[in-house]
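Residue numbers (this note's numbering): 1 to 364. Yeah, the Cβ is synthetic: ideal placement off N, Cα and C, and Gly gets one too. As the structure is a computational prediction, the values presented were derived from the model and not from experiment.
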Ligand SMILES: Cc1ncc(COP(=O)(O)O)c(C=O)c1O
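1. At which residue ranges does the region 166-254 contain complete alpha helix (DSSP H) runs of 4 or more residues, listed in the order of the chain?
2. Quick check: the Cα distance between residue 292 and residue 308, rounded to an integer number of angstroms?
3. Pair every Cβ in the region 130-141 with every Cβ in the region 166-177, then say whether three or more of these pairs are closer than 8 Å.
4. Leaving out five residues on either side along the sequence, give the residues of the same chain with a beta carbon under 6 Å from the beta carbon of residue 127.
5. Looking at chain D, is there any beta carbon in it that lies within less than 8 Å of the beta carbon of residue 229?
6. Give a single yes or no on whether residue 37 has its beta carbon closer than 7 Å to a heavy atom of ligand 1.
7. Just to confirm my understanding: we take residue 70, look at its own chain, exclude 5 residues before and 5 after, and list those with CB closer than 7 Å. What are they?
8. Could you give the uninterrupted runs of the beta strand (DSSP E) lying entirely in the region 305-359, keeping only those of 3 residues or more?
9. Please output, in chain order, the residues near ligand 1 using a CB cut-off of less than 6 Å to any non-hydrogen atom of the ligand.
10. What whole-angstrom Cβ distance do residue 189 and residue 219 have, given they're in contact under 8 Å?
11. Write down the C-beta distance between residue 258 and residue 50 rounded to the nearest angstrom, noting that I regard them as a contact closer than 8 Å.
12. Kindly identify the DSSP beta-bridge partner or partners of residue 137.
13. Rounded to a whole number of angstroms, what is the C-alpha to C-alpha distance between residue 66 and residue 345?
14. Rounding to the nearest angstrom, what Cα-Cα distance links residue 322 and residue 37 in this structure?
15. Between the region 276-292 and the region 232-241, can you find at least three pairs of beta-carbon atoms closer than 8 Å?
16. Pick helix, strand or coil for residue 154, following the three-state DSSP scheme.
17. Measuring only the C-alpha atoms, how far is residue 227 from residue 342?
18. Do residue 34 and residue 331 have their C-beta atoms closer together than 8 Å?
19. On the DSSP bridge list, what partners appear for residue 111?
20. Give the DSSP-derived three-state secondary structure of residue 296 in the structure shown.
21. Please classify residue 261 as buried or exposed, where buried requires at least 16 other C-beta atoms within 10 Å of its C-beta.
22. Straight-line CA distance for residue 45 to residue 229?
23. Give me the residue from 7, 93, 158 and 207 with the minimum Cα distance to residue 418.
24. Quick check on the burial criterion: 16 or more other C-beta atoms within 10 angstroms. Buried or exposed for residue 111?
25. Which of helix, strand or coil does DSSP assign to residue 258?
26. Residue ranges of each beta strand (DSSP E) run of no fewer than 3 residues wholly in the region 55-94, ordered along the chain?
Right, here's the structure in full:
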């Protein structure tokens, strides 16, 4: 008999998303929750984006603009590229899938890191690839070891920069050296979902590589600093020839009309992004100082979250935090059983997390 389901799909794992508020309330009866588990923007969306969604709500019986003309034009201006170099996705997650579907043949290899954003590995497997996961070095991508893994069969390399869940970055120099070793027939994807939060001046300008015609795809999203995670919108920047192939995979109307309008408005609200960045910088500094006081080790972060090491009690602490109404992210799915990942919140949310953590750690 024919095999109904391919083996690689049979053995695939599901992506474990951060739990939504409603689920925690429903299952645990907790209504007062501080949500620091999914790296969302604690300031919420830009007021301009909310207004744009309200104003467009009466038009949702109409299909979206499939070409996303205005949004692509605005993004092209922002990045100083052409609109043909942009592809929109239903979240940048969808773009990860498009990339794999466009390039990967069954049995070909995908190189990424471990631990990193889980979706690259999960989708790589689901689409029949061989995923090679290179361990991080001191919580950061080890690009040298990743180049050692290059073979004739390598098709794609995924780099989360900054890396989820560690918040570390690949620097411009590291990326430049790395690109010197990557053959022309390998596609490098730099997923910069948290790029807007980065303060380091060493962060690479990967758009340059696209402009030079390298097979580089830059992923960006409206889900994080732009505060539009619920609307699902991300974009890819790549050479036009790559975008044209990926367009063939894309379903029509994948970027919905409210998302397009909200994104246009959010791009006009630079002040909201600045406020978001400033809140993140002070939140990271506060958490770093308090974690040091509590003698909890953490990884210095360039993103809107921080990875903390709680030793063997991490999962138990996670459960106790939840009982106290503080939602953070278990890292057991990432193979970091002794760590938790905490999104940077508003000052009062960060305080609530630290106060609760301090209390919980004092328990036997
Ligand atoms: C590294 C990374 N890339 C992409 C995403 C998903 O972004 P989107 O909401 O645009 O699908 C996340 C979300 O947590 C992420 O951490």
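Taking the definition as stated:
1. Unbroken alpha helix (DSSP H) stretches of 4 residues or longer found wholly inside the region 166-254: 172-181, 207-211 and 240-249, given in chain order.
2. 11 Å
3. Inter-segment contact for the region 130-141 and the region 166-177 is present: three or more beta-carbon pairs are separated by less than 8 Å.
4. 100 and 104
5. Of the chains in the structure shown, none is chain D; there is only one protein chain.
6. The closest heavy atom of ligand 1 lies 7 Å or more from the beta carbon of residue 37.
7. Excluding sequence positions up to five before and after residue 70, its CB lies within less than 7 Å of the CB of 264, all in the same chain and listed in chain order.
8. The region 305-359 contains these whole beta strand (DSSP E) runs: 305-309 and 339-343.
9. 39, 91, 92, 93, 117, 160, 164, 191, 193, 221, 223, 229 and 234
10. 6 Å
11. So it is not a contact: roughly 11 Å between Cβ atoms.
12. Per the DSSP secondary-structure output, residue 137 pairs in a beta bridge with 140.
13. 35 Å
14. 11 Å
15. Three or more Cβ pairs closer than 8 Å define a contact, and the region 232-241 falls short of that threshold against the region 276-292.
16. strand
17. 17 Å
18. no
19. 132 and 157
20. Shown here, residue 296 sits in coil according to DSSP, grouped into three states, outside any helix or strand.
21. buried
22. 9 Å
23. Missing from the structure shown is residue 418; the chain here goes from 1 to 364 and no further.
24. buried
25. helix
26. 86-89
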